[in-house]
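Structure first, commentary second.
2 protein chains.
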Amino acid sequence: MKTVADERFMRLAINEAIKGGAADEVPVGAVVVKDGKVIARAHNEKEKRNCALYHAEILAIRRAAKKLGNWYLEGCTLYVTLEPCVMCVGAIVNSRLDRVVYGAADPRFGFLGSVADIPRDYPTNHVFEKETGVLGEECGALLTEFFRKKRAKR
Amino acid sequence: MKTVADERFMRLAINEAIKGGAADEVPVGAVVVKDGKVIARAHNEKEKRNCALYHAEILAIRRAAKKLGNWYLEGCTLYVTLEPCVMCVGAIVNSRLDRVVYGAADPRFGFLGSVADIPRDYPTNHVFEKETGVLGEECGALLTEFFRKKRAKR
Chain S
578 MKTVADERFM RLAINEAIKG GAADEVPVGA VVVKDGKVIA RAHNEKEKRN
628 CALYHAEILA IRRAAKKLGN WYLEGCTLYV TLEPCVMCVG AIVNSRLDRV
678 VYGAADPRFG FLGSVADIPR DYPTNHVFEK ETGVLGEECG ALLTEFFRKK
728 RAKR
Chain W
578 MKTVADERFM RLAINEAIKG GAADEVPVGA VVVKDGKVIA RAHNEKEKRN
628 CALYHAEILA IRRAAKKLGN WYLEGCTLYV TLEPCVMCVG AIVNSRLDRV
678 VYGAADPRFG FLGSVADIPR DYPTNHVFEK ETGVLGEECG ALLTEFFRKK
728 RAKR
């Protein structure tokens, strides 16, 4: 169920995505929220760190675990502008987040409803609540615009 | 196709798993090999780092990318003592490794043949060669023994 706070926190994730885009990263942003407070923010840093693991979700989860001093992210919600890939869905399961809210669906690489829905299609050891399409058009437009500019430069 | 070198490199991954177990981590180890040389070694460090993302595969991939100065791990093989979980399979796809060799199958959480076989069951953007069961009994015995001791302590 969507909450009134969902758009507010997604807007913070969008701000992160914009920061990523300004640094020439694919503009995806994420925040982790616990008890109504943001405990971690991140954007995609794959190019900066030269490592395919540094998606926004991974960095946000890592920062949240560090902040709480606990790998077990019970009571936490992850807001992310794009539907998570298979790696990030696995990271969410492993870290036991309570809830994931995403903006734009990813029909090619999204494993939380598009290509597959891992926690629902398979017997994983953790099931979490999900909410989709929060500010989805805005989240998707950031990506469309980023790739349009990239193509125009070539 | 299994190569003569596979057992040799898996033995190095087993050594890593043993180091992990000695540090009270679930004993899973991994190495990344390129052109016949080990370029990264890692064991599970979830407890030490208090973060569910630090599986052996994730750390080995991160170290390999750092070593090569490139996120694109073309020409690399990952050896890991246990079948990768869904997060680690995603990390392998995202990092474009050529080949993955694992030891013991994981019927509960393995997403490279057991619960599912992600790169074969879905249209992902990268398909890699896989080899299973290399020193599998030895790899599995490390885990069985670790959990047996844990239970005995309780």
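Keeping their order, the protein sequence lines are chains S and W. Adding 577 to a residue's 1-based position in the first sequence gives its number in the numbering used here. Adding 577 to a residue's 1-based position in the second sequence gives its number in the numbering used here. Where a beta carbon is used, it is the ideal one built from N, C-alpha and C, also for glycine. Computed from a prediction, not measured in an experiment: that's the story for all the values here.
- When the Cα atoms are used, residue 683 (chain W) and residue 726 (chain S) turn out to be separated by approximately 44 Å.
- Per the Cβ contact rule, the region 664-676 of chain S is not in contact with the region 650-658 of chain W (fewer than 3 Cβ pairs under 8 Å).
- Between the beta-carbon of residue 689 (chain S) and that of residue 666 (chain S) there is about 5 Å, and that keeps the pair under the 8 Å contact cut.
- Not a single C-beta of chain W is nearer than 8 Å to the C-beta of residue 609 (chain S).
- Bridge partners of residue 617 (chain W) according to DSSP: W:609.
- Taking residue 617 (chain S) as the centre and dropping the five residues before and after it, the same chain places the C-beta of 608, 609, 637, 640, 641, 644 closer than 7 Å to its C-beta, in chain order.
- Interface annotation for the region 682-716 of chain W against chain S: 685, 686, 688, 692, 693, 695, 698, 699, 700, 701, 702, criterion Cβ-Cβ distance under 9 Å.
- For a Cβ distance threshold of 9 Å, residue set 630, 635, 638, 639, 642, 648, 668, 671, 672 of chain S lies close to residue 630 (chain W), ordered along the chain.
- Nearest Cα to residue 600 (chain S) within the set S:623, S:686, S:708: S:623.
- Judged by DSSP secondary structure, residue 717 (chain W) falls within the alpha helix (DSSP H) whose first and last residues are 713-730.
- For residue 626 (chain S), the uninterrupted alpha helix (DSSP H) run begins and ends at 623-626, by DSSP.
- Boundaries of the alpha helix (DSSP H) harbouring residue 584 (chain W): 581-599, taken from the DSSP string.
- Our two residues, residue 611 (chain W) and residue 633 (chain W), have alpha carbons roughly 17 Å apart in a direct line.
- In the pairwise beta carbon analysis, the region 702-721 of chain W is classified as not touching the region 708-716 of chain S: fewer than three pairs are separated by under 8 Å.
- Residue 681 (chain W) and residue 605 (chain S) have their alpha carbons spaced roughly 36 Å apart.
- Counted as a single uninterrupted DSSP element, the stretch harbouring residue 650 (chain W) is not any beta strand (DSSP E), since DSSP gives it neither H nor E.
- From the listed residues S:580, S:675, S:591, the smallest Cα separation to residue 718 (chain S) is found for S:591.
- Around the beta carbon of residue 578 (chain S), fewer than 16 other beta carbons lie within 10 angstroms, which makes this residue exposed.
- Under the three-state reduction of DSSP output, residue 710 (chain W) falls in the coil class, being neither helix nor strand.
- CA-CA distance, residue 704 (chain S) to residue 692 (chain W), rounds to 16 Å.
- Under the criterion of beta carbons closer than 8 Å, residue 593 (chain S) and residue 619 (chain S) qualify as touching, at roughly 6 Å.
- Closest in alpha carbon position to residue 663 (chain W), among W:613, W:676, W:694, is W:694.
- Among the residues of chain W, those whose CB is under 9 Å from the CB of residue 623 (chain S) are 648, 671, following chain order.
- In the three-state reduction of the DSSP assignment, residue 674 (chain S) falls in the coil class.
- Note on residue 722 (chain S): under 16 other CB atoms within 10 angstroms of its CB, so exposed under the neighbour-count rule.
- DSSP places residue 696 (chain S) inside the alpha helix (DSSP H), whose first and last residues are 695-698.
- In the displayed model, residue 603 (chain W) falls within coil according to three-state DSSP, outside both helix and strand.
- A straight-line Cα-Cα distance of about 7 Å links residue 701 (chain S) and residue 686 (chain W).
- In this structure residue 621 (chain W) does not touch residue 647 (chain S) by the C-beta definition: roughly 17 Å separates them, more than the 8 Å allowed.
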